[in-house]
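Using my numbering, read the sequence shown as starting at 1014 and increasing by one per residue.
Glycine included, each C-beta is placed from N, C-alpha and C at the ideal position.
Just so it is clear, the structure is predicted and the values come from calculations on it, not from any experiment.
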Amino acid sequence: MSTDSPTDGAGAAASVQRLFRNTVVAVSGALSRRDGRVSLSVSGLAYFLLYLAGLRHLGFGPSGYEVSVVSNPLVRAFRQVGPFQWEPIALVVVGPVELLVAPLNMLLGAVLAALVGLNLAVSIVAWRGPSACRLGPGAGAMSGLPGLLSGFACCGPTILLVVGIQASAGLLSLFQWLLPLTVVALLGTLLWVGSRVETAQQVA
1014 MSTDSPTDGA GAAASVQRLF RNTVVAVSGA LSRRDGRVSL SVSGLAYFLL YLAGLRHLGF
1074 GPSGYEVSVV SNPLVRAFRQ VGPFQWEPIA LVVVGPVELL VAPLNMLLGA VLAALVGLNL
1134 AVSIVAWRGP SACRLGPGAG AMSGLPGLLS GFACCGPTIL LVVGIQASAG LLSLFQWLLP
1194 LTVVALLGTL LWVGSRVETA QQVA
């Protein structure tokens, strides 16, 4: 009967640590450039707004100014109204813009927006200048595709709602339950890019 040796476990732990360290190098390299920061800001903000609009928490109405809060907001903020959706606790109207404030929905949207933005920022910088992320030759073009696909997959259900395409409740529920898989996909893309970072030994 064979057992894993401590050396094998240590080697696996070292590989995982190196993968995360290389991913940080790739992300830091992308954000050190202006095009990377712009990509993160623009795509992240656009996705966040699109996400809120898809939940019908952001939209347009009669022009006015109003701030109203529900009773027991701390309790109702944690009340779920669907898979990965929570109850709004406030309405903010500024001019024609209406925003339903649901803190947990906004937090989830911000996390997804950050992941989408980071993926696109790293992908664009890796494509335009792989050396900025210490990526090997050809890795820039290869890393762009999964990042873009992950971003579009994440935005897909929200776009479906925004453009008003009719969908069954079951389909929309399925999209909501795909959110954890989307987060895993976006994190996996970043880690995949990290696996393409050249170490000092490889560069030498």
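Item	Value
Expected contact under 8 Å - CB spacing of L1128 and V1196 to nearest Å	7 Å
4 or more residues per run - each alpha helix (DSSP H) lying fully within the region 1075 to 1100	1086 to 1089
A1103 in three-state terms, based on DSSP	strand
Per-residue DSSP class, three states only, for L1113	strand
Residues near E1100 by beta carbon distance below 6 Å, same chain, minus five either side	R1089, R1092, V1094
Residue of L1044, P1109, V1124 minimising C-alpha distance to L1192	V1124
N1118 versus S1081, V1210, P1086, L1065, residue with shortest Cα-Cα distance	L1065
Check whether L1104 and V1138 have beta carbons under 9 Å apart	no
Cα-Cα separation between V1083 and P1116, rounded to whole angstroms	13 Å
Three-state class that DSSP yields for L1191 in the structure shown	coil
As assigned by DSSP and simplified to three states, the class of L1068	coil
In DSSP terms, what L1061 is bridged to	Here residue 1061 is Phe; the residue named in the question, Leu, does not match the sequence. Answer is none; F1061 lacks a bridge partner.
Rounded separation between R1069 and P1086 - CA only	19 Å
Q1098 Cβ short of 8 Å to the ligand ATP heavy atom set	Among the ligands in the structure shown, none appear at all, so the ligand ATP cannot be discussed.
Identity of the residues DSSP links to G1108 by a beta bridge	G1077
9 Å Cβ cutoff met for F1073 and P1109	yes
Expected contact under 8 Å - CB spacing of L1053 and L1131 to nearest Å	6 Å
Buried or exposed (CB count within 10 angstroms, at least 16 for buried), A1043	buried
Under 9 Å between C-beta atoms of G1201 and L1032	no
Contacting residues, own chain, Cβ-Cβ under 7 Å from A1059 (five flanking each side not counted)	none
Beta-carbon proximity list for Y1078, same chain, < 8 Å, skipping 5 on both sides	V1106, V1107, G1108
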